[in-house]
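Undergrad: Protein chains in written order, with our numbering: chain D, 1 to 280; chain B, 281 to 625; chain G, 626 to 941. All C-beta atoms, glycine included, are put in the ideal place defined by N, C-alpha and C. Computed from a prediction, not measured in an experiment: that's the story for all the values here. Quick one: the structure is below, questions incoming.
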Amino acid sequence: MKNPYLPYPVRIDEIITETEDRNLKTFKFVFLNPEDEKNFSYTPGQFAELSIAGKGEIPIGIASSPTEKGFVKFTVNKVGLVSGHLHNMSAGDRMGIRGPLGNWYPWKEMEGKNVVIVGGGFAFTTLRSSIIYMLHPDNRPRFKDITVVYGARNPGMLLYKDELSAWEKRDDINMHITVDGATDPDWKYNTGFVPAITEKKITSADNAIAIVCGPPIMIKFTQPVLQKLGFPPERIILSLEMRMKCGIGICGRCNIGDKYVCKDGPVFSLAQLKELPPEY
Amino acid sequence: MIKKLFTGSDWVDALKKTGDLYKIFVPVREGDFHNFRPLEQGTKPNFDFYNTRLSPKSIVYPQSERMFESLNDPEAPDKGILKEAAKDYAPRAIVGIRPCDAQAFQIVKRNFDNPEYRDPWWVRRFESTILVGLGCNDPCPTCFCSSVGGGPFHEEYLDVMLYDLGDKFLAKSITEKGEEFLSKVIGGSPADDTALKKAEALGPAAIEKITSTLSSDKLKDKTVTGLFNAPFWDEVAFSCINCGTCTFLCPTCWCFDIQDEVYGKQADRIRNWDTCMSPLFTLEGSGHNPRENKFQRVRQRFMHKLKYYPDKYNNGVQCSGCGRCVRYCPVNIDIRQVAKLMNEY
Amino acid sequence: MHEYTEKIRDAAKRLLKEGKVDTFIGFKKGSVPMMNEPALITDPDKADLLHWDSNCGLNLCNYLTKRTDRIGIIANGCTSRNIVTHIIENQIKREQLYIVGIPCTGMIDPRAIKRAVKFKEILDVEEKDGRIIVKGNGLEESFEKRAFLQKNCAICLHRNPVIYDEMVGEKAPEQQEIESFKDVKKIEVMGSDDKWGFFTRMISSCIRCYACRNACPLCYCTTCFVDEAQPQWVGKSIDPTDTMTFHILRAFHCAGRCTDCEACERACPMGINVRQFTKKLNKDALELFSWEAGMSEDQRPPMDVYKTDDYNDFIK
């Protein structure tokens, strides 16, 4: 019987510090056993449990896209025991990954539609996975216009800065990068909160699906903007966070109503969330 | 189908003799109450009880269990790689389990054994367990198994049924697994008609004695958000002290926590029973806690048992009517009263 | 004692109607024999839910911690001493409370009663004229209440509340010639190994439900030491060493503060004598510092006060 609690052993290949305050690092993992990589076939939106023996496990969204072969990437915020230990590890160290877990963004429903992505802070990780996936030549034709609004507190807190500039230069994706406040006079992008920039830059909900991923306060103020534009609750997609342990819908910790965030989520449409008790 | 009669002591002797084939668990008196313990040389089984204090769920699902082991030694070549801890799946039998506790295993099985994921330890241990039930001649005033799909002599979830005829036990096999088990319990005599008639009469007599009910018939038609926002949760939750008594004693509760512990050069991943009553249960790393108030946690427990679980699995409430939470809650929060409030809302 | 029920209901009605308090905390009759459920009343018309008898063994002071409203509360001797401790430790302000004092003649021990009827199912328990009448199917027995008191009530020296705004009855006569620490002395004379064996056996059935900790008014830390993760002081499994660590450390955190109310033992689903840990520390506090917890709002507990003219030698 396959043991769903046993992680695949991986090696840390590379660690990049993403933000100025050094609290966010992107880890590139390589599977020790090649068959494990095949078994770990994932879809953007999913997450995995990063496991460090002797410390514990943490559920983190997958930041790499399945179109990137040979490795998986996760961006981890230093918050507690496990993430703190992970931040102190070096390339070459070994640990484990369990997954892929959870559901994914509704790619089937998104085909043939305009895709609006609204991200804030370090919740942008699975959105990176989604953007790289969509921009891949095999996938790009499946989607219409792609518009991205991504904001952070200040320029130093933006993730994936090199990739952001590369995407900005492309003509098959509209990037609107914003910061809450910038002291740098050479800042060439927007200044303002994500909900405000969303209101300015997103002009239509026609044939569009919106994916919103960010801190609760950002979601709270972006939702009404999207609804005013005409996005119905079925076409506003959110990715939730909850405290998790097993990640496979057995330990009972992450339930919202009769759904498990780790198994029936973390991706939910606003329409689905309206049927559930507001306990998240 | 095997039907045999044993005297009390013959039954215990016969069970002892199956020692090589099955690990037998029997109820044993410990101070003021009973618990299931392995039947060994010096064990004195005691079937004169209403129900054990702790449910037998710990035989299939121990309170603390080592999941994986790994070496914490920097020199070791496989340092940090988790390996499965050794487990014992030898056949075992819980003798004297009450039908409510047996029903509880089926309720919990839907969680641990589902199409997407199977918990290897729970599933394999449960598959190697035979449930030899003891029908309740005298249901307690706090028993309400018959309102939740069970009964004092309900056979559906058992492999063998034991009838306590006073001077003798009548053992009747129900499933194939139970028949195989009974065939290995050597001794006793074939059951005669008088004994059989006496046994058959026990069930209906017992059902008459049940006075407690749990009303849940109207819950399916209510909306989750309606019940969730009901005004009575503050009052229900006031006295709760957020301990784990109800969840740990309950045979249908299954939540657990996963912890890593290091001792010298060994690092273990352990799982422990956990309780949704604890304020830490949903505390996130960022500090945000969706259930930081007591009434939210108390509401979660009752909504999960009486609404979320039935909605999810369409197969009754997550309660087998054993009454332990009613008897042992330190502040006397009564699920029967809460269910009534929810059902009538 | 149950004759106080009417007086308590009247007091609650009056205080809520007059707007002297926002809420009233008391007990309401339980749904199983020998149990009562702590209740909070805000509507004077609901005051008739309140009930008092010899099964009110839980400590209502547990529900006061960090409340911000004006509260009416019933309190017997031990509960009132915990209220004083709460005031001294800044968990509640005296001005917020209206204490209805209850002269208590002791609570009965449900486990002792169950043992006495040989665990036959009890359907109803009634109190009358100092006797406890127990009824069940084919069961009717009557016991003298004095012989079935909770262990702490049998040796209680402070039956009357030490702090109150009104009393529901005449002060109860305090018990005389009580040997307070007989059980502690029995353990004190044991050898080291025997002591360790005694306590190990005592907590062997602990399931780490924390009912004892949560029922105790003294345990109000936002994050208990057993729940800390960084650093993790105590493991969360039922490993016997971790369990012993929890009980012994908790006893020390209650040292000199425990009023021996026995709420911990009443709450424990496994019937463990949780009080045995703190009783020794209560004896030490009495002998070393002449200290009994919660007797007066003006005295600070020995563990948190330092004076240059301290009469103990070891500090010099």
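Flag B:Cys520 as yes if its beta-carbon sits less than 7 Å from any beta-carbon of chain G, otherwise no.
TA: no
Undergrad: For the segment 481–512 of chain B, which residues have a beta carbon sitting closer than 8 Å to at least one beta carbon of chain G?
TA: none
Undergrad: Can you have a look at G:Phe877 and say buried or exposed, based on whether 16 or more other CB atoms are within 10 angstroms of its CB?
TA: exposed
Undergrad: Using DSSP with H/G/I as helix, E/B as strand and the rest coil, what is B:Val597?
TA: coil
Undergrad: Mind pulling the chain G residues with CB within less than 7 Å of B:Arg607?
TA: Val657
Undergrad: Taking the straight line between their C-alpha atoms, what separation do you get for G:Glu887 and B:Phe406?
TA: 40 Å
Undergrad: Hey, quick one: how far does the beta strand (DSSP E) through D:Tyr150 stretch, first residue to last?
TA: Ile146 to Ala152
Undergrad: For D:Asn174, which beta-bridge partners are listed by DSSP?
TA: D:Thr147
Undergrad: Below 7 Å between beta carbons is the criterion; list the residues of the segment 416–433 of chain B that meet it against any residue of chain G, in chain order.
TA: Answer in chain order: Cys420, Pro421 and Thr422.
Undergrad: Using DSSP with H/G/I as helix, E/B as strand and the rest coil, what is G:Phe744?
TA: Looking at G:Phe744 - three-state DSSP - the assignment turns out to be coil, as it is neither helix nor strand.
Undergrad: Give, in chain order, every unbroken run of the alpha helix (DSSP H) that is at least 4 residues long and sits entirely within the segment 833–862 of chain G.
TA: 836–840
Undergrad: Compute the beta-carbon to beta-carbon distance between G:Ile698 and G:Ile727, rounded to the nearest angstrom, for a pair I have assumed lies under 8 Å.
TA: That belief does not hold up - the Cβ atoms of G:Ile698 and G:Ile727 are roughly 10 Å apart, past 8 Å.
Undergrad: Under a Cβ-count criterion, where at least 16 other Cβ atoms within 10 Å of its own Cβ denotes burial, should G:Cys846 be classed as buried or exposed?
TA: Classification for G:Cys846: exposed.
Undergrad: Let me check understanding here. Comparing Cα to Cα, which of G:Cys879, G:Ala880 and G:Val859 lies closest to G:Thr870?
TA: G:Val859
Undergrad: Across which residues does DSSP place B:Arg551 in a beta bridge pair?
TA: B:Glu345 and B:Ile538
Undergrad: With a threshold of 6 Å on Cβ separation, who are the neighbours of D:Met175 within its own chain once the five nearest residues in sequence on each side are excluded?
TA: Val148, Trp167 and Glu168
Undergrad: Chain G beta carbons: is any one of them nearer than 7 Å to that of B:Pro531?
TA: no
Undergrad: Quick check on G:His878: does DSSP put it in helix, strand or coil?
TA: helix
Undergrad: So what does D:Cys246 bridge to, in DSSP terms?
TA: D:Cys246 has no beta-bridge partner at all, per DSSP.
Undergrad: Taking 8 Å as the cut-off, does the segment 359–377 of chain B touch the segment 292–310 of chain B (at least 3 CB pairs, one atom from each stretch)?
TA: yes
Undergrad: Compute every distance between the C-beta of B:Leu362 and the non-hydrogen atoms of the ligand MN, then say whether any falls below 6 Å.
TA: No copy of the ligand MN occurs in the structure displayed, which carries no ligand at all.
Undergrad: Mind checking if B:Asp355 is an interface residue toward chain D, Cβ cutoff 7 Å exclusive?
TA: The residue you asked about is not Asp; residue 355 of chain B is Glu in the sequence shown. No, B:Glu355 lies away from the interface with chain D (no Cβ there is under 7 Å from its Cβ).
Undergrad: Could you pull the DSSP bridge partners for G:Asp885 from this structure?
TA: Note: G:Asp885 sits in no beta bridge, so no partner.
Undergrad: Strictly by DSSP, which residues pair up with D:Asn77?
TA: D:Leu24
Undergrad: In its own chain, which residues sit with a C-beta less than 7 Å from the C-beta of D:Lys4, not counting the 5 before and 5 after it?
TA: The question names Lys, but residue 4 of chain D is Pro in the sequence shown. Around D:Pro4: Ile248.
Undergrad: What residues in the segment 894–928 of chain G have a beta carbon less than 9 Å from any beta carbon of chain B?
TA: Pro894, Met895 and Gly896
Undergrad: Give the residues of chain D in contact with B:Trp534, contact being defined as C-beta atoms less than 9 Å apart.
TA: Ile250, Cys251 and Gly252
Undergrad: I need the straight-line Cα distance from D:Gly92 to D:Pro44, nearest angstrom please.
TA: 26 Å
Undergrad: For G:Ala772, which of helix, strand or coil comes out of DSSP?
TA: helix
Undergrad: Do we get a CB-CB distance below 7 Å when we pair D:Pro100 with the residues of chain B?
TA: no
Undergrad: Quickly, what does DSSP pair G:Asn777 with across the bridge? List them, please.
TA: DSSP lists no beta-bridge partner residue for G:Asn777.
Undergrad: My assumption, with CB atoms under 8 Å, is that B:Leu285 sits in contact with B:Ala471. Please give the rounded CB distance.
TA: 5 Å
Undergrad: Using DSSP bridges, identify the partner residues of B:Glu460.
TA: DSSP, once it has assigned bridges, lists no residue as partnering B:Glu460.
Undergrad: Roughly how many angstroms lie between the CA atoms of B:Phe528 and G:Gly655, to the nearest whole one?
TA: 22 Å
Undergrad: According to the Cβ coordinates, are B:Thr409 and B:Val504 closer than 7 Å?
TA: No Cβ-Cβ contact shorter than 7 Å links B:Thr409 with B:Val504.
Undergrad: Could you name the residues of the same chain whose beta carbon sits closer than 7 Å to that of B:Glu349, not counting the 5 residues immediately before and after it, in chain order?
TA: Lys363, Ala365, Gln546 and Asp548
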